Amino acid sequence: DKLEGLKTIAVTTNGINLTRLLPRLKEAGLNAINISLDTLVPAKFEFIVRRKGTNLSSKKTVMLFSVPGVLLYLQVNCVVMRGFNEDEVLDFVDFTKDLPLDVRFIEYMPFDGKYCCFEILPAQK
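Right under this line is the structure:
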């Protein structure tokens, strides 16, 4: 049963296990998903999630869960990082412009203020 008084139950995920877990999450009352998708490039996505060769793609997850009626609300969060994915911003806009979801472009901010994204996420060759 849903908890009384809650209007939204949401999860933030990179989408890797979402397909498998979604039925149970929906039974528990999940009605919103925030998908972290910082790149549309499969090799960069594998680098971010630290899993290779599994044919993972949050882009596929976004397409799957943006179907009307699957959930009440879907949001994509994209952290824009200089030297890593800033060249993909227009691709994100093009990819999501006709989907029933919201996209947030979030500025990368290091927690300790000492390092930039080049030191944490090296540029892809």
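No gaps in the numbering here: position 11 of the sequence shown is 11 in full-length UniProt numbering, and each next residue is one more.
Backbone N, C-alpha and C define an ideal beta-carbon position, used for all residues, glycine too.
The model shown is predicted, which means the values in this text are computed figures rather than measured ones.
Assign residue i to one of two classes, buried (16 or more other C-beta atoms within 10 Å of its C-beta) or exposed (fewer than that).
i      : result
ILE35  : buried
GLU107 : exposed
VAL79  : buried
ASP38  : buried
Taking the alpha carbon of residue i as the reference point, which residue from the options has its own alpha carbon closest?
i     : options                    : result
LYS44 : TYR108, PHE84, GLU107      : PHE84
ILE9  : PRO42, ILE33, ASP38, ASP91 : ILE33
LYS7  : ARG82, ASN31, ARG51, ARG20 : ASN31
LEU99 : GLY15, THR19, LEU74        : LEU74
What residue does the alpha helix (DSSP H) around residue i start on, and which one ends it?
i      : result
THR19  : 18 to 27
ILE48  : 42 to 49
PHE105 : That residue, PHE105, is in no alpha helix (DSSP H); its beta strand (DSSP E) goes 102 to 107.
LEU74  : No alpha helix (DSSP H) contains LEU74, which is instead part of the beta strand (DSSP E) from 73 to 80.
ASP94  : 89 to 96
Along the chain, where does the beta strand (DSSP E) containing residue i start, and where does it finish?
i           : result
residue 129 : The first residue shown for the chain is 1 and the last is 125, placing residue 129 beyond what the model contains.
ASN31       : Segment: none, ASN31 is in no beta strand (DSSP E) and carries neither H nor E.
Assuming residue i and residue j make a contact with CB atoms under 8 Å, what is their CB distance in whole Å?
i     : j      : result
VAL76 : LEU101 : 6 Å
THR96 : VAL89  : THR96 to VAL89, Cβ: 11 Å. No contact.
VAL49 : ASN14  : 6 Å
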